[in-house]
Amino acid sequence: SGTGPAMVHYIEYIYNDENHFHIEELLDSCCSLNAYKEALAEIEQDQRDINYRNAFGWFASSDTTNFLLADGEEFNVFMMQKTNFNSGLWQQIDKSIHDVKVNACYCSILKHCYIVDEKSNIKEVQSCDLPAQEEAQELAE
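First residue of the sequence shown? That's 3 in the numbering used here, and the numbers climb one at a time after it.
Written as structure tokens, this is what we have:
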């Protein structure tokens, strides 16, 4: 709760007792994001004469491990244009979002580390090491 930059080491999303460290994994678990991505790919193949991303919607996600966040800066984890094509996906996201718990672990430039949850509860921690299972997966990628 100070001022100055923070090094965000990871963001953890918990949905249905499953931990996710990437927003796309969470959105596939709760809302079938991969089915939407596959449908977009099919449209792109079938209708090459239109800008399918403008017509049907685009999405962008950001890596949420080890990034610097300046004081007062916002960081968009996921953005997606709303269209008629993806309205079902948006409805599922809106329905599921309240069941997602979030923990972000960050450290100040003075090496004081904290975990903050989706309700802005802050707890000081020794460090922001990734949980062991995620660290092993990161190394495998």
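In this text, a Cβ means the ideal position worked out from N, Cα and C, and glycines have one as well.
Quantities reported herein were computed from a predicted structural model and do not represent experimental measurements.
Secondary structure of residue i, DSSP reduced to three states
i: Ser-64; result: coil
i: Asp-119; result: strand
i: Leu-28; result: helix
i: Gly-21; result: The question names Gly, yet the displayed sequence has Asn at residue 21. The answer is strand: DSSP assigns Asn-21 an E or B state.
i: Glu-40; result: helix
i: Glu-14; result: strand
i: Leu-91; result: helix
i: Leu-132; result: coil
i: Lys-103; result: strand
Contact belief for residue i with residue j at Cβ below 8 Å, rounded distance in angstroms
i: Glu-25; j: Thr-66; result: The sequence given here has Ile at residue 25, not Glu. Indeed, because the Cβ distance is near 7 Å, the residues count as touching under 8 Å.
i: Lys-113; j: Ile-16; result: About 26 Å separates the two Cβ atoms, so there is no contact after all.
i: Cys-130; j: Tyr-38; result: Contact flag wrong, Cβ pair sits at about 32 Å.
Neighbourhood of residue i by C-beta distance below 6 Å, restricted to the same chain and skipping five residues each side
i: Ser-63; result: Ile-25, Glu-26, Phe-80
i: Ile-95; result: Cys-33
i: Phe-69; result: Val-10
i: Val-118; result: Ala-106, Ile-124
For residue i: DSSP bridge partner residues
i: Cys-109; result: Met-9, Cys-115
i: Glu-126; result: Tyr-116
i: Phe-69; result: Val-10
Best match in the options for proximity to residue i [C-alpha to C-alpha]
i: Gly-6; options: Lys-121, Leu-71, Ile-117, Val-118; result: Leu-71
i: Leu-91; options: Cys-130, Cys-32, Ile-124; result: Cys-32
i: His-22; options: Lys-121, Ala-106, Gln-47, Cys-115; result: Ala-106
i: Arg-108; options: Gln-128, Leu-35, Asn-86, Leu-42; result: A small fix is needed here, since residue 108 is Tyr in this sequence, not Arg. Comparing Cα-Cα distances from Tyr-108 to each of Gln-128, Leu-35, Asn-86, Leu-42, the minimum goes to Gln-128.
i: Glu-40; options: Pro-133, Phe-87, Leu-132; result: Phe-87
i: Leu-132; options: Lys-121, Cys-115, Glu-120, Ser-122; result: Cys-115
Residue-chain proximity (residue i, chain C), Cβ-Cβ < 8 Å
i: Lys-84; result: No chain C appears in this structure, which consists of one protein chain only.
Cβ neighbours of residue i in the same chain (closer than 7 Å, five flanking residues each side left out)
i: Ile-111; result: Gly-6, Pro-7
i: Ala-138; result: Its pLDDT being 44, under 50, Ala-138 is placed unreliably in this model, and the coordinates cannot settle the point.
i: Asp-30; result: Asn-36
i: Asp-48; result: none
Residues near residue i in its chain [Cβ-Cβ closer than 8 Å; skip 5 each side]
i: Leu-28; result: Tyr-15, Tyr-17, His-22, Val-102
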